[in-house]
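Undergrad: Sharing a structure with you now.
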Ligand code: AMP
């Protein structure tokens with residue numbers, strides 16, 4: 006049976022970095038709701054303006070909108086053999102929808118929590134930069150680009166800094182996470198589908214732990 010891999014963790018835990026590696030190495034599509042909405046918000050329409058304003062505030066986009074986007078995206082052909090969710094589900098309603106979706110798509114769900122202590126998250130978030138061409142993620146404190154503010158593969162453009170990756174927005178985003186999303190950890194734990202990996206290790210070590218879980222199915226469930 007094919008799998009839905011749910012990458013969980015606070016903003017800045019490294020979900021995006023790990024999802025990109027999984028996509029590259031295991032060939033499963035990475036579905037990042039944050040990326041989907043960031044792309045959508047670039048249009049010049051009332052909906053795009055609304056999405057942009059919500060994202061920049063650090064609050065969540067309404068469930069019914071996110072749920073429709075995920076349903077549509079995961080019904081595409083490349084998701085047939087499984088997919089990676091990065092940034093979804095974030096609320097109880099989204100998790101409920103995902104249970105139905107998994108049943109309908111005949112897929113099992115494995116949740117992986119990348120555990121990072123709160124005090125590290127702020128630097129991870131405010132230091133984050135990404136390549137506007139390939140999406141490679143850097144961090145000015147922990148993984149600085151070799152060339153000044155440029156991706157080594159695409160030096161023609163400067164790295165971008167997300168509008169919500171600022172110190173003022175971090176607090177709102179972490180509060181939203183604690184309030185809305187952290188309770189889902191307990192839900193996946195209770196249903197025996199949660200695995201934890203230490204998120205302070207080097208990113209290759211985190212990846213190795215995640216790959217083991219994905220491939221074997223089971224490393225002692227948390
Ligand atoms: P991310 O890139 O995952 O950190 O998401 C950035 C922003 O996109 C969030 O702060 C929300 O405003 C929005 N967003 C992403 N995923 C979701 C989701 N599953 N539910 C609601 N809002 C979301």
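In the numbering used here, the protein residues as written are 6 to 227.
A virtual CB, placed ideally from N, CA and C, is assigned to each residue, including glycine.
Just the Cα atoms here: how many angstroms apart are residue 191 and residue 117?
TA: So the two alpha carbons sit approximately 12 Å from each other.
Undergrad: Taking just the CA atoms, how far does residue 137 sit from residue 24?
TA: If you take the alpha carbons of residue 24 and residue 137, they lie about 17 Å apart.
Undergrad: Report yes if the C-beta of residue 23 is less than 8 Å from at least one heavy atom of the ligand AMP; otherwise report no.
TA: Flag unset: Cβ of residue 23 not near the ligand AMP.
Undergrad: Please classify residue 227: does DSSP put it in a helix, a strand, or coil?
TA: At residue 227, the pLDDT of 40 sits below 50, so the modelled position is not reliable and the matter cannot be decided from this model.
Undergrad: According to the neighbour-count rule (16 or more other Cβ atoms, all chains shown, within 10 Å of its Cβ), is residue 81 buried or exposed?
TA: Classification for residue 81: exposed.
Undergrad: Which class does residue 1 belong to by DSSP, given the choice of helix, strand or coil?
TA: As shown, the chain starts at 6 and ends at 227. That puts residue 1 outside it, with no answer to give.
Undergrad: For residue 176, does the three-state DSSP call read helix, strand or coil?
TA: It is helical.
Undergrad: Just curious, the beta strand (DSSP E) that residue 35 is in, first and last residue?
TA: Unbroken beta strand (DSSP E) run through residue 35: 35-37.
Undergrad: Closest to residue 38 by C-alpha separation, out of 93, 98, 194 and 172, would be which residue?
TA: Cα-wise, what sits closest to residue 38 is 93.
Undergrad: In terms of DSSP beta bridges, what is residue 148 paired with?
TA: DSSP lists 144 as partners of residue 148.
Undergrad: Could you pull out every residue in the same chain whose Cβ sits closer than 8 Å to the Cβ of residue 115, ignoring the five residues on either side in sequence?
TA: Same-chain partners within the cutoff: 8, 9, 10, 11, 198, 200, 218, 219 and 222.
Undergrad: For the alpha helix (DSSP H) that contains residue 54, what are its first and last residues?
TA: 51-62 is the extent of the alpha helix (DSSP H) around residue 54.
Undergrad: Can you tell me whether residue 67 is buried or exposed? The criterion is at least 16 other CB atoms within 10 Å of its CB, across all chains shown.
TA: Exposed, because fewer than 16 other Cβ atoms sit within 10 Å of the Cβ of residue 67.
Undergrad: Write down the C-beta distance between residue 142 and residue 132 rounded to the nearest angstrom, noting that I regard them as a contact closer than 8 Å.
TA: The Cβ separation is near 11 Å, so there is no contact.
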